[in-house]
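**Q** Line order of the protein sequences matches chains S and Y. As numbered in our numbering, the first sequence has no gaps in its residue numbers, which increase by one up to the final residue, 115. As numbered in our numbering, the second sequence has no gaps in its residue numbers, which increase by one up to the final residue, 1114.
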Amino acid sequence: DTGVSQNPRHKITKRGQNVTFRCDPISEHNRLYWYRQTLGQGPEFLTYFQNEAQLEKSRLLSDRFSAERPKGSFSTLEIQRTEQGDSAMYLCASSLVSGAITEAFFGQGTRLTVV
Amino acid sequence: AQSVTQLDSHVSVSEGTPVLLRCNYSSSYSPSLFWYVQHPNKGLQLLLKYTSAATLVKGINGFEAEFKKSETSFHLTKPSAHMSDAAEYFCVGFLTGTASKLTFGTGTRLQVTL
């Protein structure tokens, strides 16, 4: 296992189209997070999963955004009817949360450009 | 409110001089704190972590940070900067008791000059 994997690395789409990103976490990790990062800013929390359960969603996550983690393994983030303001780097991270808190490991991100 | 504050958006140092990147936190719980580094067009890499063991934490590439509860701080230091240290640095924390999500600071861009 080489870490958190995100696909695709880059996505260019036309405004109004739907896009879906995939994140494969480190295999034994039970937590999975999605963040969004725009140029020159720090990552903003979008949502996180504990196994297959989505436990929290940010108010940033409008109705056009949906995330799933079926079977508690990989996760997908879908954006419907994309807007130019959705252009950003979408980051996925995973961690193992049990008795002790461990760090989160980040993927390389998916850069979305909406034209 | 639970938060992480990075006090400097940009720090510039000369190569070979010390680095200090400042971070303060606000939390009702005993936090777990991390420093991540992001080089241009690269992913976030963990530099070091504090999880209530030793208050002085050593990380990779000669970086270290000290957790000071009385000052609610977790500043990142390095004795001697190297050109390869130029990057964006994020102070990050699990600030709630359930470790529900990582809270990011706004980042500090470190510039290293000759």
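Ideal Cβ placement from N, Cα and C applies to all residues, glycine included.
(1) Touch check for the stretch 24–33 of chain S and the stretch 1071–1079 of chain Y: three-plus C-beta pairs under 8 Å?
(2) Alpha carbon to alpha carbon, how far is glycine 107/S from phenylalanine 1063/Y? Give it in angstroms, no decimals.
(3) With a 10 Å radius around its C-beta and 16 neighbouring C-beta atoms as the bar for buried, classify isoleucine 12/S as buried or exposed.
(4) Any beta carbon of chain S sitting closer than 8 Å to that of alanine 1005/Y?
(5) Could you tell me whether any Cβ in chain S is nearer than 8 Å to the Cβ of lysine 1101/Y?
(6) Give the straight-line distance between the Cα atoms of serine 87/S and threonine 113/S, rounded to the nearest whole angstrom.
(7) Find the nearest neighbour of phenylalanine 1034/Y within the set Val1013/Y, Thr1113/Y, Gly1105/Y, judged by alpha-carbon distance.
(8) Would glycine 72/S count as contacting chain Y if we go by Cβ distances under 8 Å?
(9) Starting from arginine 64/S, trace the beta strand (DSSP E) both ways and give me its first and last residue.
(10) Distance cutoff 8 Å, beta carbons only. Does alanine 53/S sit that close to anything in chain Y?
(11) Let me know the beta strand (DSSP E) ranges lying completely inside the stretch 2–77 of chain S, each 3 residues or longer, listed in chain order.
(12) Are the beta-carbon atoms of isoleucine 79/S and asparagine 7/S separated by less than 8 Å?
(13) Looking at the secondary structure, which residues open and close the beta strand (DSSP E) in which arginine 111/S lies?
**A** Reading it off the structure:
(1) no
(2) Residue 1063/Y sits at position 63 when you count from the first residue of the second sequence. Residue 107/S sits at position 107 when you count from the first residue of the first sequence. C-alpha separation (whole angstroms): 22 Å.
(3) By 1-based counting over the first sequence, the position of residue 12/S is 12. Exposed: under 16 other Cβ atoms inside 10 Å.
(4) Along the second sequence, read from residue 1 onward, the residue named residue 1005/Y stands at position 5. Contrary to the premise, residue 1005/Y reads as threonine rather than alanine in this sequence. No, threonine 1005/Y lies away from the interface with chain S (no Cβ there is under 8 Å from its Cβ).
(5) For the purposes of this step, residue 1101/Y is taken as residue 101 along the second sequence, with counting starting at 1. Lysine 1101/Y counts as touching chain S.
(6) Here residue 87/S is taken as the residue at index 87 of the first sequence, counted from 1. Here residue 113/S is taken as the residue at index 113 of the first sequence, counted from 1. So the alpha carbons of these two residues sit roughly 5 Å apart.
(7) Against the second sequence, residue 1034/Y aligns to sequence position 34. For the residues Val1013/Y, Thr1113/Y, Gly1105/Y, the minimum Cα distance to phenylalanine 1034/Y belongs to Gly1105/Y.
(8) Numbered from its first residue, the first sequence carries residue 72/S at position 72. Answer no: the Cβ-Cβ gap between glycine 72/S and chain Y never drops below 8 Å.
(9) Within the first sequence, residue 64/S is the residue found at index 64, counting from 1. Counting along the chain, arginine 64/S falls outside any beta strand (DSSP E), and DSSP gives it neither H nor E.
(10) Along the first sequence, one-based indexing puts residue 53/S at 53. By this cut-off, alanine 53/S is not an interface position.
(11) 5–7, 10–13, 19–24, 31–37, 44–50, 53–57, 65–68
(12) Here residue 79/S refers to the residue found at position 79 of the first sequence. Here residue 7/S refers to the residue found at position 7 of the first sequence. Contact: no.
(13) The count along the first sequence starts at 1 and reaches residue 111/S at position 111. First-last of the beta strand (DSSP E) with arginine 111/S: 110–114.
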